[in-house]
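Notes for the one structure printed next.
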Amino acid sequence: MEKKGFWRFVLLVGLFCGSCVLLFFTAPAEAQTPALPNQHGQIWQSYDISAYTSHFPQMSRPETAVMDWILMETGFEIWHSEIPAMLNVTRNSVNVYHIPQVQLQVKDVVQRFIGIDPVSHHFRVRIFTVSTPYWRQKMGNLLTQVPSFSMG
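For the sequence shown, the positions run 482 to 633 when the numbering used here is used.
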């Protein structure tokens, strides 16, 4: 009698979800994990960024700066192209699955972040006032261009 009740339950579940009964009887004994495709020579690499993120214990997600720079340096489209790839950034690591050329770009960005002390920068600001709005015309030839770039 108990077996009859069990099969009625399975049939009732099957009426509401036909695929449930099919899965109940055809589920494989062991799940197989597929291998990552590497027909383009992709490799898996993890980079430790805890030396950078440890400087910002109060920030909720300091690793987003690293991720943003990686995406800017490598380009967004390279992560969504024909080559299967992955970028995962956590508070302590950057995990990358891509071709060796992209791995070198990512390594360069990570080295820029962990190779400096982010709290040791000093800035000096000078404020000038001008009495005439035509200062650009008068001073334009005397000014020299100074190269600047963003660290990180």
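Beta carbons: idealized from backbone N, C-alpha and C, even for Gly.
- With a threshold of 16 other beta carbon atoms within 10 Å, V627 falls short and is exposed.
- Contact between Q526 and V570 is absent: CB atoms are separated by about 13 Å, not below the 8 Å threshold.
- Annotated three-state conformation of S531 is helix, per DSSP.
- Annotation: L568 is outside any alpha helix (DSSP H); the continuous beta strand (DSSP E) that includes it extends over 567–570.
- Remark: C-beta atoms of A532 and I580 do not approach each other more closely than 7 Å.
- The Cβ-Cβ distance between V547 and I530 falls below 7 Å.
- DSSP places V577 within a strand segment (E or B) once states are collapsed to three.
- Nearest Cα to H603 within the set K588, M632, R617: M632.
- The Cβ atoms of V587 and I551 lie closer than 7 Å to each other.
- Taking a 10 Å sphere around the C-beta of V575, we find 16 or more other C-beta atoms and assign the residue as buried.
- Here P543 is near T534, since their CB atoms are less than 7 Å apart.
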